[in-house]
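Protein chains in written order, with the numbering used here: chain A, 455 to 593; chain B, 446 to 616. Cβ coordinates follow ideal geometry from the N, Cα and C atoms, glycine included. Structure record follows, encoded as structure tokens.
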Amino acid sequence: MVTVAAESVNPLPFSRRFSDDDTFTRPFPERTAMSEPADPPITFYRLQACPFCERVTRTLQELGLEYRSRFVEPLHSKRDVVKRVAGVRTVPVIVDENTGVTMAESANIVDYLESTYGDAGATDAKTGTAVANGDGGAE
Amino acid sequence: MLEFDVVELGEANHPEPGDEATEFTRPLVNDEFWEDRSLSELSREGDGPTILVFTPMLGSFVGKYVWDELRDRGWDDRAGRVVGVTISTPYAVKRFLEEEDCPFPFFSDPANAVAEAYGVDHELDDMEGISEPRPAFFALDSDLQVQGAWVAREWPEFPDYDDLEDELGLE
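Shown next as structure tokens:
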């Protein structure tokens, strides 16, 4: 059973939240610098509010990894892009350009992320439970 | 004689040619997915100007007329990039792209803050709490400098598209 922390609930009132958005006030040099900011190496195909996806989100954040989210639709038939990159229509899927790995199913992804980017020694002990999720963890 | 009201929208305090357009990041919606993208990032892709097109929400006849016209005039092949800005949600944009066979991606901005930053926001009468863009077009170079602009002054108002293409530098 996967539980997801309600971390996306923003306790700030709307006006405060908005005043924290620096979209329009961010100083210019960031984008006029000679070197382009590189795209995050990890692309994360996900569905809004999908618990299996949130599990991957939490792992990416815990490991401090940069990622770019691509949101797709609830209907599997409208997920051609996921089928094209991963051969399946379920999410989550990640594409990691660092390693050339494309992977589906949250249990596999979490295990992969932890063993690739986590503390090496710690992951071995966890591996047994991380992949024990019988249904694979996908929607 | 038919009586009807074309409402004056008044002057818009929008960026003029030579001004620097405001940078922003919003989910960019195509026919398959959406992801956060910045305007400056887009403006450096492809050759030619980036055309930023504000319209009323998708589903309105004003939005439909504008996007039908741009599709029929083949703007997708005539600029570096043509991209819409709408208060419609990503889900609504995707449905619109599908149903209207629309080749353009859209920034989804339900809070209408981008239109506010560009001085083209418009409060809708008796749709409490909804503000949306008035029709507006901006041609931007790869440094986000405004090369051409057209903003509606009346509600509704449509551009003369031949003049607009000259103003925006489309070939």
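Between residue i and residue j, what straight-line distance do the alpha-carbon atoms span, to the nearest angstrom?
i, j, result
"E577 (chain B)", "F541 (chain B)", "17 Å"
"S560 (chain A)", "V535 (chain A)", "18 Å"
"S569 (chain A)", "V559 (chain B)", "41 Å"
"P495 (chain A)", "Q592 (chain B)", "34 Å"
"P520 (chain A)", "R482 (chain B)", "Inspection of the sequence shows that residue 520 (chain A) is occupied by Glu rather than by Pro. Distance between the alpha carbons of E520 (chain A) and R482 (chain B) is about 15 Å."
"I548 (chain A)", "D546 (chain B)", "29 Å"
"D605 (chain B)", "N475 (chain B)", "27 Å"
"T511 (chain A)", "E456 (chain B)", "45 Å"
"P555 (chain B)", "L484 (chain B)", "17 Å"
"K537 (chain A)", "S533 (chain B)", "27 Å"
"A524 (chain B)", "W512 (chain B)", "15 Å"
"E477 (chain B)", "F549 (chain B)", "12 Å"
"A540 (chain A)", "D450 (chain B)", "54 Å"
"A562 (chain B)", "D550 (chain A)", "36 Å"
"N458 (chain B)", "Y566 (chain A)", "52 Å"
"G518 (chain A)", "S553 (chain B)", "27 Å"
"S587 (chain B)", "E508 (chain A)", "36 Å"
"A487 (chain A)", "V452 (chain B)", "For A487 (chain A), the pLDDT reaches just 42, beneath the cut-off of 50, and the residue's location in the model is therefore unreliable, although a value from the coordinates is still provided. Going by the C-alpha atoms only, they are around 44 Å apart."
"E543 (chain B)", "Y499 (chain A)", "20 Å"
"L473 (chain B)", "D573 (chain A)", "35 Å"
"R516 (chain B)", "G529 (chain B)", "12 Å"
Buried or exposed: which applies to residue i, given that a residue is buried once 16 or more other Cβ atoms fall within 10 Å of its Cβ?
i, result
"M572 (chain B)", "exposed"
"V498 (chain B)", "buried"
"A603 (chain B)", "Rather than Ala, the amino acid found at residue 603 (chain B) in this sequence is Phe. Label assigned to F603 (chain B): exposed."
"R543 (chain A)", "buried"
"R598 (chain B)", "exposed"
"I563 (chain A)", "buried"
"P420 (chain B)", "Given that chain B is displayed from residue 446 to residue 616, the structure contains no residue 420 (chain B) and the question cannot be resolved."
"N557 (chain B)", "buried"
Starting from residue i, trace the beta strand (DSSP E) in both directions and tell me its first and last residue.
i, result
"V536 (chain A)", "From DSSP, V536 (chain A) is part of no beta strand (DSSP E) but of the alpha helix (DSSP H) over 534-540."
"S587 (chain B)", "It is not in any beta strand (DSSP E) - S587 (chain B) carries neither H nor E in the DSSP assignment."
"G508 (chain B)", "That residue, G508 (chain B), is in no beta strand (DSSP E); its alpha helix (DSSP H) goes 506-517."
"S569 (chain A)", "Element bounds for S569 (chain A): not the beta strand (DSSP E) but the alpha helix (DSSP H), 560-571."
"L497 (chain B)", "495-499"
"D608 (chain B)", "Per DSSP, D608 (chain B) belongs to no beta strand (DSSP E); it is in the alpha helix (DSSP H), 606-613."
"A594 (chain B)", "591-596"
Taking residue i and residue j to be in contact with their CB atoms under 8 Å, please state how far apart those CB atoms are, rounded to whole angstroms.
i, j, result
"A592 (chain A)", "V545 (chain A)", "7 Å"
"W520 (chain B)", "L615 (chain B)", "7 Å"
"L569 (chain B)", "E465 (chain B)", "Going by Cβ atoms, the distance from L569 (chain B) to E465 (chain B) rounds to 29 Å, so no, they are not a contact pair."
"S488 (chain B)", "T495 (chain B)", "4 Å"
"L454 (chain B)", "W595 (chain B)", "13 Å between Cβ atoms; not a contact."
"F583 (chain B)", "P501 (chain B)", "17 Å between Cβ atoms; not a contact."
Start and end of the alpha helix (DSSP H) containing residue i?
i, result
"E516 (chain A)", "505-516"
"F469 (chain B)", "Segment: none, F469 (chain B) is in no alpha helix (DSSP H) and carries neither H nor E."
"S485 (chain B)", "484-488"
Taking 7 Å as the CB-CB limit, is residue i close to chain E?
i, result
"F506 (chain A)", "No chain E appears in this structure, whose protein chains are A and B."
Beta carbon of residue i: closer than 6 Å to some heavy atom of the ligand SAM?
i, result
"F506 (chain A)", "No copy of the ligand SAM occurs in the structure displayed, which carries no ligand at all."
### Task
Report the residue ranges of all beta strand (DSSP E) runs contained in full by the region 519-579 of chain B; include only those spanning at least 3 residues, in chain order.
Segments of the beta strand (DSSP E) lying fully in the region 519-579 of chain B: 526-531, 551-553, 566-568, 576-578.
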